[in-house]
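A.B. asks:
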Amino acid sequence: MNKIFSAPDVHGYYGDFGGAFIPEMLYQNVEQLQAQYMQIYNDAVFQKEYHDLLRDYVGRPTPLFLAERLSDLYQSDIYLKREDLCHTGAHKINNTVGQILLALRLGKKRIIAETGAGQHGVATATVCALKGLECIVYMGEKDIERQAPNVARMKMLGAKVIPATSGSKTLKDATNEAIRDWINHPTDTHYIIGSVVGPHPYPDMVAKFQSIISQEIKEQLLSKTGSALPTRIVACVGGGSNAAGAFYHFLDEPSVEIIAVEAAGHGVNSGMSAATTQLGVPGILHGSKSIVMQTNDGQVVEPHSISAGLDYPGIGPMHANLFASGRGKFLSATDEEALKSAFDISKIEGIIPALETAHAFAVLGDLGMKRGETTVICLSGRGDKDLGTYMNAMNEQ
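Positions -7 to 389 (the numbering used here) are the ones given, in order, by the sequence shown.
This is the structure we're talking about:
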């Protein structure tokens, strides 16, 4: 197997996972992206504009914070990469800034996106407002209800939010609707996919735009500790964009442990879970081959997570390869464990995390951390959007 875990081969495969499985109507769009995205990405003018916006608009670099009370609790140094301090409140903006600049260079005038927790939808609406492009966001009807603040933000930013009313009415279904839209508007529309999923080149493209996270972690760790390499990196994984960004520059450093945390929902074997690597098998979902929760006859199994951003029945092909190869260690946390960790972190460090990130904090006791080790957690987003869920949990106590 290819020992380079951070990049796919020329056909978009990470080991056995990836590729582009698309309807004929999308060939033109996807082939255009495959042919041009690396040339555009590597252009010096593009890179300058991208990094200028990351600095002046997004607010990068984000801090790498030594969580002293959390470190004392686990008797090990724990750093938090503060993606919650990005403009719009999560890591998603890193990718949407890059893709909006790409879309402009491809001559696209209309932007579509899918969103689960709403952070990618907000980030897409934000950059469309910045650049004056039409924005349509597809969001599951269930997620529209549980993430109302982000829906309001998208609308205030000028986006049209269209509910997905089929299936579980969550992220999978929103993605289905966005792909249908793209098929019907193949020439003037760019689809800003929010995670490291979809047909090649999207998983690689999104990972590259998010890799600024691990690039900064290396520089900041070197400055703070004298070593650019931590003992381990921990991140929550649904489709997996924050994890891809946090892992990226460490994937080909074998000394660094890669810890991915999925949503176990009511329990891995409860029938209401989104722990894809534990429950899934190889299959095709949303344009690429990966690990997918599906029945014996290939029907997608509806996932469940209290966290809208992790409520997805698949995983990005990069992460599927990390799991299948053993390079990454995949753990899971239940809804109840994620809620508990969210309240714990809020009281211990004065940071209210997104429910997605709370899953990553929930497994800290399972990592066997020791004195002298360095653990970095990607704090992918802030918890404002989840206050309704947190308030309900407090009322039930």
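Heads up, the beta-carbon is just placed ideally off N, CA and C, and yes, glycines get one too.
With a 10 Å radius around its C-beta and 16 neighbouring C-beta atoms as the bar for buried, classify isoleucine 136 as buried or exposed.
C.D. replies: It is buried - the Cβ of isoleucine 136 has at least 16 other Cβ atoms within 10 Å.
A.B. asks: Within 10 Å of its beta-carbon, does valine 396 have 16 or more other beta-carbons around it, so buried, or fewer, so exposed?
C.D. replies: This structure gives no information on residue 396, because the portion of the chain shown stretches from -7 to 389.
A.B. asks: Using 8 angstroms for Cβ pairs, my map puts valine 114 next to arginine 145. What's the rounded Cβ distance?
C.D. replies: Their Cβ separation, rounded to whole angstroms, is 5 angstroms, which keeps valine 114 and arginine 145 in contact under 8 angstroms.
A.B. asks: Along the chain, where does the beta strand (DSSP E) containing threonine 326 start, and where does it finish?
C.D. replies: Residues 320 to 326.
A.B. asks: Using the C-alpha atoms, what's the distance from glycine 275 back to serine 324?
C.D. replies: Rounded to whole angstroms, serine 324 to glycine 275 spans 21 angstroms at the Cα level.
A.B. asks: Between the C-alpha atoms of serine -2 and proline 246, what's the straight-line distance to the nearest angstrom?
C.D. replies: Distance between the alpha carbons of serine -2 and proline 246: 12 angstroms.
A.B. asks: Straight-line CA distance for histidine 351 to asparagine 387?
C.D. replies: Rounded to whole angstroms, histidine 351 to asparagine 387 spans 21 angstroms at the Cα level.
A.B. asks: Kindly provide the ranges of any beta strand (DSSP E) runs that are 3 or more residues long and lie completely inside the segment 102 to 133, ordered along the chain.
C.D. replies: Within the segment 102 to 133, the complete beta strand (DSSP E) runs of at least 3 residues are 102 to 107 and 126 to 132.
A.B. asks: What is the DSSP secondary structure of glycine 230, counted as helix, strand or coil?
C.D. replies: Coil, per DSSP.
A.B. asks: Quick one: complete beta strand (DSSP E) runs, 3+ long, within the segment 22 to 66?
C.D. replies: Correct list: 56 to 58.
A.B. asks: Let me know the secondary structure DSSP gives threonine 167 once reduced to three states.
C.D. replies: Helix, per DSSP.
A.B. asks: Do we get a CB-CB distance below 9 angstroms when we pair serine 299 with the residues of chain D?
C.D. replies: No chain D is present in this structure, which holds just one protein chain.
A.B. asks: Mind the definition here: the segment 171 to 184 touches the segment 212 to 222 only if three or more C-beta pairs lie below 8 angstroms; say whether that holds.
C.D. replies: In short, these stretches do not touch, since the Cβ pair count stays below three.
A.B. asks: Check whether the segment 97 to 113 touches the segment 234 to 243, taking contact to mean three or more Cβ pairs, one atom from each stretch, closer than 8 angstroms.
C.D. replies: With a cut-off of 8 angstroms, the segment 234 to 243 and the segment 97 to 113 do not count as touching, because too few Cβ pairs lie within range.
A.B. asks: Spatial neighbours of lysine 321 within its chain, please: C-beta separation below 6 angstroms, excluding the five flanking residues on both sides.
C.D. replies: These residues qualify, in order along the chain: Ile251.
A.B. asks: What residue range does the alpha helix (DSSP H) around proline 274 cover?
C.D. replies: That residue, proline 274, is in no alpha helix (DSSP H); its beta strand (DSSP E) goes 273 to 277.
A.B. asks: Based on the DSSP output, what are the partners of arginine 374 in its beta bridges?
C.D. replies: Looking at the DSSP assignment, arginine 374 forms a beta bridge with Pro345.
A.B. asks: Does the distance from the C-beta atom of glutamine 202 to that of serine 160 stay below 9 angstroms?
C.D. replies: No.
A.B. asks: Select from Thr326, Leu379, Gly364 and Gly231 the residue whose C-alpha is nearest the C-alpha of phenylalanine 353.
C.D. replies: If we check each option's Cα against that of phenylalanine 353, Thr326 comes out closest.
A.B. asks: Tell me the residue span of the beta strand (DSSP E) that contains alanine 255.
C.D. replies: Alanine 255 -> beta strand (DSSP E) spans 249 to 257.
A.B. asks: Along the chain, where does the alpha helix (DSSP H) containing leucine 243 start, and where does it finish?
C.D. replies: First-last for leucine 243: undefined, no H or E at that position.
A.B. asks: Tell me which residues share the same chain as threonine 80 and place their Cβ nearer than 6 angstroms to its Cβ, disregarding the 5 neighbours each side in the sequence.
C.D. replies: Val114, Ala115 and Thr118, listed in sequence order.
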